[in-house]
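One structure below.
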Ligand SMILES: NC(=O)C1=CN([C@@H]2O[C@H](COP(=O)(O)OP(=O)(O)OC[C@H]3O[C@@H](n4cnc5c(N)ncnc54)[C@H](O)[C@@H]3O)[C@@H](O)[C@H]2O)C=CC1
Ligand SMILES: CCCCCC(=O)CC\C=C/C=C/C=C/[C@@H](O)[C@@H](O)CCCC(=O)O
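Numbering (the numbering used here), first residue to last: 16 to 271.
This is the structure we're talking about:
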């Protein structure tokens, strides 16, 4: 797909990977809605992005991805201010092993809610023009993660959603591609917050040792992989990005 001229909603884009996605896509001529639960940080990020890309290119809309009403309001505001939406990036996520139901609600619920809404609003069978949904999973959506079993389970479930809705059975009906991006560890606030809400004290020690031994992966590298996925990825694609490696597709066993 062509990024230039696209209208893209990114959840959880007030900071971290979502903000890097917004920057990379604005640089390539897209218009962006930053949708985030953190209004203060979201507005400040959008002010910074508007200073570089212009006020008509990027907006902030407050959104808790666990709320249907919020998600619909984000979609409506984006259409009104930027034009018809053709891409949704479901990026908002948390790492909280101590409140598993909250982690499931945000990580899986946010992707599920957003993807279903996108099908309803962009589906050619619903009067839309088709489009793309990218769900941000993780490398631990395709491999085990002893340091965050709940988090890892939500990310595996996102892959299941992408493999199933990314089947061409659905694409033929809706004209909407569904894809996943699976980054390895990037040292954002998510990691620090995951340490505060870790599965056990033993995990804090082990995760800290493990993460300090990993090669650095930057948000910009992950954002470049998102661009690659949008530009060339097939329907149902799951793209993994790790430090010091070219991004690679994990072949989903989609049977026809
Ligand atoms: N940092 C990492 O190592 C990796 C992160 N990911 C995934 O990338 C995504 C972004 O993560 P980071 O940027 O690292 O995290 P982050 O903690 O820096 O940013 C997350 C953003 O999501 C927002 N958010 C949290 N709950 C929300 C909700 N209920 N509704 C709307 N917005 C909400 C936060 O306000 C924040 O702006 C997450 O889905 C995460 O699981 C995937 C692989 C690696
Ligand atoms: C719980 C923290 C979540 C951080 C956010 C992410 O999605 C990052 C995931 C990045 C890396 C995770 C790697 C997990 C690796 C394990 O599968 C395993 O290889 C680790 C084994 C460690 C050991 O043997 O000591």
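Just so you know, even glycine gets a beta-carbon here, dropped at the ideal spot from N, CA and C.
So does residue i have its beta carbon nearer than 7 Å to some heavy atom of ligand 1?
i: residue 183; result: no
i: residue 78; result: yes
i: residue 56; result: yes
i: residue 339; result: In the structure displayed, the chain extends from 16 to 271; residue 339 sits before or after that span and is not available.
i: residue 153; result: yes
i: residue 26; result: yes
i: residue 106; result: yes
i: residue 112; result: no
i: residue 31; result: yes
i: residue 42; result: no
i: residue 193; result: no
i: residue 53; result: yes
i: residue 23; result: no
i: residue 89; result: no
i: residue 145; result: no
i: residue 242; result: no
i: residue 149; result: no
Please name the residue in the options whose C-alpha comes closest to that of residue i.
i: residue 205; options: 136, 183 and 27; result: 27
i: residue 123; options: 41, 85, 173 and 96; result: 173
i: residue 169; options: 155, 181 and 37; result: 155
i: residue 72; options: 40, 234, 188 and 81; result: 40
i: residue 241; options: 97, 105 and 131; result: 105
i: residue 64; options: 79, 178, 46 and 51; result: 46
i: residue 129; options: 86, 99, 20 and 151; result: 86
i: residue 126; options: 117, 229, 116 and 148; result: 148
i: residue 102; options: 182, 164, 265 and 191; result: 191
**Study point:** Contact the segment 215-234 vs the segment 123-143: 3+ CB pairs below 8 Å
**Key:** Contact between the segment 215-234 and the segment 123-143 is absent: fewer than three C-beta pairs spanning the two stretches fall below 8 Å.
Review point. So does the segment 244-260 actually touch the segment 46-62, counting three or more Cβ pairs closer than 8 Å?
Key: No, because fewer than three Cβ pairs between the segment 244-260 and the segment 46-62 fall closer than 8 Å, the two stretches do not touch.
Check your understanding: Can you give, in chain order, each stretch of the beta strand (DSSP E) that sits fully within the segment 62-138 and has at least 3 residues?
Key -> Entirely contained in the segment 62-138, the beta strand (DSSP E) runs reaching 3 residues are, in chain order, 73-77 and 102-105.
**Study point:** Minimum length 3: unbroken beta strand (DSSP E) runs contained in the segment 234-270
**Key:** For the segment 234-270, whole beta strand (DSSP E) runs of length 3 or above, ordered along the chain, are 253-256.
Practice item. Indicate whether the contact test is met: 3 or more Cβ pairs, each with one atom in the segment 231-247 and one in the segment 178-188, closer than 8 Å. Key: Short answer: they don't touch.
Check your understanding: Unbroken alpha helix (DSSP H) runs of length 4 or more, entirely within the segment 205-231: which are they?
Key -> Within the segment 205-231, the runs of alpha helix (DSSP H) at least 4 residues long that lie entirely inside it are, in chain order, 216-228.
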